[in-house]
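*Asks:* Note that the UniProt record's numbering has the sequence shown beginning at 1, numbered continuously upward.
Just so it is clear, CB atoms sit at the ideal spot from N, CA and C, and this is done for glycine as well.
Sharing a structure below in structure tokens format, with a few things to ask.
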Amino acid sequence: MSRSDAPEGSSSPPPNADAGCVDSEPDAERPPNLAVHPSTACETPGTWSGCVIGCWYLLLLVTCAFLNAAFMLWPLTLLRWGFRLSIRSCRPVFRVLEAQYFAMLSGLLELVGGVTLVVTGDESLHFEPRDHVLLLCNHRSEVDWVFFWSLALRLGVHDRLRVMMKSVIRHAPGVGWTMLLLEYPYINRDWVTDQTRLADVIASYKQVDMGSWLAMFPEGTALYDKTLQKSHEFADKQGDARWDYVLQPRVKGFELCVDKLDPEYVVDLTVAYPELMDGVRPSPIRFVRGQFPTEVHMHVKRYHRSALVKHKEHMDQWLKDRFAEKEERLRCFYDTGAFEGKQCVQEELPLWSSVVPGIAFNLGLCCLALYLLVVYPVATSTWFALCTALSVLQARRFGS
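Following this line, the structure appears as structure tokens:
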């Protein structure tokens, strides 16, 4: 219904306003809010060149993750198991490998994929090397976590970021196997087992005299129509307000992380994608087609430990308040196309200090693997097969 066709005394909703807030039109006639309800019908078909770029990028990530594990992580892990060494002895090496790998991941995503990162906030961000930080983020897409390293790269902490993920990802060849070796906090969404595993993993992070960053999605799952409906039903049951841009957060995991990690800061990160205003949702399949988001907007707000102490007995309400703010912040973003605030990190990639060395290191691993396969085909193939078998076995035995 156009504005000229509306009956006197009524008004049509703004393009990205929540249709549920307007009662003057019947539900069947309301235009869908594409930022909340994107559709594959809004997407453009992929191109051959885009598919080549997307597949090449993902293949490179999988291959380099496997080679890092085969050449470095598995030998160190086997030595640690055999001689009962502490994780403290291996973590510095792990961090060097992570720094190179994730610098490559983020650098190629922006240089080749054409992604532009826009970060705003209330203050310029700086963190000390020994700071433990808990990062909270809304979960709009399955690929949200990939862009965390673009932010971490600009903050110089891309070598210490861990993302809490569903345990099924541990089966992903290369990347999932390697993250399991690096002690990423995989969860089964079974609180009985997850709480013990999370506590143990966080304790291992704190064994090392270096800071660590732990990123989590308190919503527990990405926002889809189905999960949004469940969130609405839960809010109705609890007598809370309905949200459309975020889901109701789960409190237990957040409380455990705050208790065990005892972070110097909690970073409240809100992620938004301008293409959602056109009904296009970032997804893994779009990555395969080389259709990366042209822009990723992040709003960052951090809270010092001293601010959390005041709410220690009511952390559940503190978390809900943050997500209520996210809801309003995202509503404004999809109305205006930008977050409020000032630039709080450098815009430019640390190209020569991080990205180029990361790409060179990982391409060097690929060349080394190719050389060994040509010169020592049997021994190299056997070792790679053994690493694959160990990775599959470790993934299957996870949690047992």
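(1) Where do the ends of the alpha helix (DSSP H) carrying D236 lie?
(2) Are the beta-carbon atoms of T63 and G174 separated by less than 8 Å?
(3) For T294, which option in L109, L85, M72 and N33 has the closest C-alpha, if you only look at C-alpha atoms?
(4) How should P274 be labelled, buried or exposed, when 16 other C-beta atoms within 10 angstroms of its C-beta is the threshold for buried?
(5) Counting only runs of 4+ residues fully inside the UniProt domain "Phospholipid/glycerol acyltransferase" (133-255), write out the alpha helix (DSSP H) ranges in chain order.
(6) How far does the beta strand (DSSP E) with G121 in it extend, from its first residue to its last?
(7) Output the boundary residues of the beta strand (DSSP E) element that contains K312.
(8) Is the CB-CB distance between Q207 and R88 below 8 Å?
(9) Give the range of the alpha helix (DSSP H) segment to which Y101 is assigned.
(10) Check the DSSP bridge columns for E295 and list the partner residues they point to.
(11) State the DSSP-derived secondary structure class of Q343, mapped to helix, strand or coil.
(12) Would you list the residues sitting across from V300 in a DSSP beta bridge?
(13) Comparing C-alpha positions only, which one of R397, F234 and F287 sits nearest to T47?
(14) Helix, strand or coil: how does DSSP classify Y376 here?
(15) What's the gap between the Cα of A395 and the Cα of L151?
(16) Could you tell me how far apart the beta carbons of A215 and M164 are, in whole angstroms, since I believe they sit closer than 8 Å?
(17) Applying the 10 Å Cβ sphere with the 16-neighbour rule, what's the burial state of G114?
(18) Whole-angstrom Cβ separation of L319 and F254, contact assumed at under 8 Å?
(19) Could you give the DSSP three-state label for N68: helix, strand or coil?
(20) Shortest alpha-carbon distance to V96 belongs to which of P218, R331, R160 and L67?
(21) In angstroms, rounded to a whole number, what distance separates the CA positions of I359 and R302?
*Replies:* The relevant details are as follows:
(1) As a working mapping, residue 236 is identified with position 236 in the sequence shown. Unbroken alpha helix (DSSP H) run through D236: D225 to Q238.
(2) Locating residue 63 in the sequence shown gives position 63, counting from the first residue. Locating residue 174 in the sequence shown gives position 174, counting from the first residue. Going by C-beta atoms, T63 is nearer than 8 Å to G174.
(3) Within the sequence shown, the letter at position 294 stands for residue 294. Minimum Cα distance to T294 is reached at L109.
(4) Numbered from 1 along the sequence shown, position 274 holds the residue referred to as residue 274. So P274 counts as buried.
(5) 148-155, 175-181, 191-205 and 225-238
(6) Stepping through the sequence shown from its first residue, residue 121 is reached at position 121. Under the DSSP assignment, G121 falls in the beta strand (DSSP E) whose first and last residues are T116 to G121.
(7) Your numbering for residue 312 matches position 312 in the sequence shown. Note, K312: premise wrong, no beta strand (DSSP E); not H, not E.
(8) Here the question's residue 207 lines up with position 207 in the sequence shown. Here the question's residue 88 lines up with position 88 in the sequence shown. Taking 8 Å as the Cβ cut-off, Q207 and R88 qualify as a contacting pair.
(9) Here residue 101 corresponds to residue number 101 of the sequence shown, with the count starting at 1. R91 to L111 is the extent of the alpha helix (DSSP H) around Y101.
(10) Indexing the sequence shown from 1 puts residue 295 at position 295. Paired residue(s): T116.
(11) For the purposes of this step, residue 343 is taken as the residue at position 343 of the sequence shown. Strand at Q343.
(12) As a first step, residue 300 must be located in the sequence shown, where it is residue number 300. DSSP output for V300 lists G121 and L269 as bridge partner(s).
(13) Here residue 47 refers to the residue found at position 47 of the sequence shown. That would be F287, whose Cα lies nearest to the Cα of T47.
(14) Taking the first residue of the sequence shown as 1, we reach residue 376 at position 376. Annotated three-state conformation of Y376 is coil, per DSSP.
(15) Residue numbering aside, residue 395 sits at position 395 when the sequence shown is read from its first letter. Residue numbering aside, residue 151 sits at position 151 when the sequence shown is read from its first letter. Cα-Cα distance, rounded: 29 Å.
(16) For the purposes of this step, residue 215 is taken as residue 215 along the sequence shown, with counting starting at 1. For the purposes of this step, residue 164 is taken as residue 164 along the sequence shown, with counting starting at 1. A215 to M164, Cβ: 7 Å. Contact.
(17) Walking along the sequence shown from the start, residue 114 turns up at place 114. Per the 10 Å Cβ criterion, exposed.
(18) Taking the sequence shown and counting its residues from 1, the one referred to as residue 319 is at position 319. Taking the sequence shown and counting its residues from 1, the one referred to as residue 254 is at position 254. At roughly 5 Å, the Cβ-Cβ gap stays under 8 Å, so L319 and F254 are in contact.
(19) Locating residue 68 in the sequence shown gives position 68, counting from the first residue. DSSP places N68 in helix when its eight states are reduced to three.
(20) Here residue 96 refers to the residue found at position 96 of the sequence shown. Proximity to V96 across P218, R331, R160 and L67 peaks at R160, based on C-alpha coordinates.
(21) Stepping through the sequence shown from its first residue, residue 359 is reached at position 359. Stepping through the sequence shown from its first residue, residue 302 is reached at position 302. Rounded to whole angstroms, I359 to R302 spans 31 Å at the Cα level.
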